[in-house]
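Start counting the sequence shown at 1; every next residue gets the next number (full-length UniProt numbering). Positions of the beta carbon are idealized from the N, C-alpha and C atoms, including for glycine. Below is one structure, written out as structure tokens; comments come after it.
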Amino acid sequence: MKTLTTYLKKKAEKQKLFVPYIMAGAQGLEALPEEIIMLAKNGATAIEIGVPFSDPVADGPIIQEAGLRALANKVTLKKLIELLQKFDSPVPLIFMGYSNSFFHYGLEKLAKDLENTDVKGFIIPDLPYEHRDLVLPTFDASDLALLQLISLTSPQERIKTLLEAAEGFVYAVTINGTTGTGKDYRDNLDEHLAAITKESKIPVLAGFGVSERAHVERFNECCDGVVVGSKIVQTLKEKGLEETSQLVGSLTQPLEKANAS
Numbered sequence: 001m002k003t004l005t006t007y008l009k010k011k012a013e014k015q016k017l018f019v020p021y022i023m024a025g026a027q028g029l030e031a032l033p034e035e036i037i038m039l040a041k042n043g044a045t046a047i048e049i050g051v052p053f054s055d056p057v058a059d060g061p062i063i064q065e066a067g068l069r070a071l072a073n074k075v076t077l078k079k080l081i082e083l084l085q086k087f088d089s090p091v092p093l094i095f096m097g098y099s100n101s102f103f104h105y106g107l108e109k110l111a112k113d114l115e116n117t118d119v120k121g122f123i124i125p126d127l128p129y130e131h132r133d134l135v136l137p138t139f140d141a142s143d144l145a146l147l148q149l150i151s152l153t154s155p156q157e158r159i160k161t162l163l164e165a166a167e168g169f170v171y172a173v174t175i176n177g178t179t180g181t182g183k184d185y186r187d188n189l190d191e192h193l194a195a196i197t198k199e200s201k202i203p204v205l206a207g208f209g210v211s212e213r214a215h216v217e218r219f220n221e222c223c224d225g226v227v228v229g230s231k232i233v234q235t236l237k238e239k240g241l242e243e244t245s246q247l248v249g250s251l252t253q254p255l256e257k258a259n260a261s
């Protein structure tokens with residue numbers, strides 16, 4: 001079992017998991033270490049780091065715009081890795097990016113360059129399950145987890161297949177469409193998430209459209225935690241680090257106290 005999977009399974013035995021997403025370099029790459037530290041201090045179990053890409057098919061407008069700002073700031077995967085090679089993150093990091101970025105960099109070079117960083121996993125939304133063998137040999141040799149997304153339209157047989165192959169945590173998508181806030185959840189979503197969680201051997205986290213305390217409380221009832229992205233990305237842009245810290249704290253701190261009691 002890979003390091004990230006073991007870490008998250010152990011955490012999930014004691015508390016609900018909270019995994020925030022931020023876009024690397026949206027506020028300038030030099031701001032990333034402080035953003036990571038802020039999220040960790042406010043209860044992040046692990047942190048998804050968005051790798052900016054010109055055609056982010058799974059991302060909604062808020063994250064797309066953040067990616068464009070990062071690209072305008074001349075953020076590259078190479079520069080991001082060089083920064084993380086010099087930075088000790090308080091929690092594990094997970095790269096969320098698209099196939100082209102990683103294949104263009106070179107998978108073997110990517111794995112080698114990440115050896116002494118806190119990046120322990122990848123989410124690659126445009127890499128179909130059927131093509132996972134393009135990356136798995138390299139990732140397996142380097143203790144890098146490849147996280148699976150399960151969509152609302154996945155049939156039961158496919159869900160079973162995805163769960164058997166899952167590493168790190170299972171990313172259970174809560175809406176049909178791209179990331180972002182203001183979405184309507186379908187009526188039987190809680191049952192759907194509970195069923196996946198029951199079958200999974202590793203933690204299941206709900207993501208896409210999770211933006212407020214009520215969402216966090218709801219999904220913590222039927223799975224192991226949540227992923228929050230667009231709301232954090234938007235708040236960082238519009239209100240800065242301090243108010244983003246307050247936002248994240250409002251989503252996590254009372255939960256931690258409740259779990260400890």
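Specify the secondary structure class of residue i as computed by DSSP and reduced to three states.
i: L84; result: helix
i: Y171; result: strand
i: L149; result: strand
i: residue 262; result: With the chain covering only 1 through 261, there is no way to say anything about residue 262.
i: G28; result: coil
i: I202; result: coil
i: G240; result: helix
i: G60; result: coil
i: G207; result: strand
Expressed to the nearest angstrom, what Euclidean distance is found between the alpha-carbon atoms of residue i and residue j?
i: I22; j: G229; result: 6 Å
i: L83; j: K198; result: 39 Å
i: L29; j: A70; result: 8 Å
i: L80; j: I37; result: 16 Å
i: A44; j: E130; result: 31 Å
i: S89; j: L146; result: 20 Å
i: V75; j: L236; result: 17 Å
i: V173; j: K86; result: 33 Å
i: S99; j: D59; result: 14 Å
i: L4; j: S142; result: 12 Å
i: I94; j: D187; result: 31 Å
i: L134; j: D140; result: 11 Å
i: C97; j: K14; result: A small correction: the amino acid at residue 97 is Gly; Cys does not occupy that position in the sequence shown. If I take the Cα positions, the gap works out to 30 Å.
i: E191; j: T153; result: 14 Å
i: G67; j: V51; result: 8 Å
i: T138; j: G106; result: 10 Å
i: K160; j: L205; result: 16 Å
i: S101; j: Q246; result: 33 Å
Does residue i pass the burial test, meaning 16 or more other C-beta atoms within 10 Å, or should it be called exposed?
i: H104; result: exposed
i: T117; result: buried
i: P125; result: buried
i: G182; result: Residue placement at G182 is flagged as unreliable, the pLDDT there being 49, under the threshold of 50; the coordinate-derived value follows with that caveat. Exposed, since its Cβ has fewer than 16 Cβ neighbours within 10 Å.
i: D224; result: buried
i: V57; result: exposed
i: P61; result: exposed
i: A26; result: buried
Taking the alpha helix (DSSP H) that residue i belongs to, which residues open and close that run?
i: E199; result: 189-199
i: V216; result: 213-222
i: Y105; result: 99-105
i: L162; result: 156-165
i: K9; result: 3-12
i: A141; result: 136-141
Would you say residue i and residue j are within 9 Å of each other, going by their C-beta atoms?
i: V216; j: I232; result: no
i: I196; j: Y185; result: no
i: E35; j: L241; result: yes
i: P92; j: Y171; result: no
i: E167; j: K2; result: yes
i: G207; j: V19; result: yes
i: L251; j: E221; result: no
i: V119; j: I49; result: yes
i: L39; j: F169; result: no
i: L144; j: A111; result: yes
i: S200; j: L163; result: yes
i: G121; j: A46; result: yes
Check for me: the beta strand (DSSP E) holding residue i runs from which residue to which?
i: K120; result: 119-123
i: I94; result: 93-96
i: I22; result: 17-23
i: G225; result: 225-228
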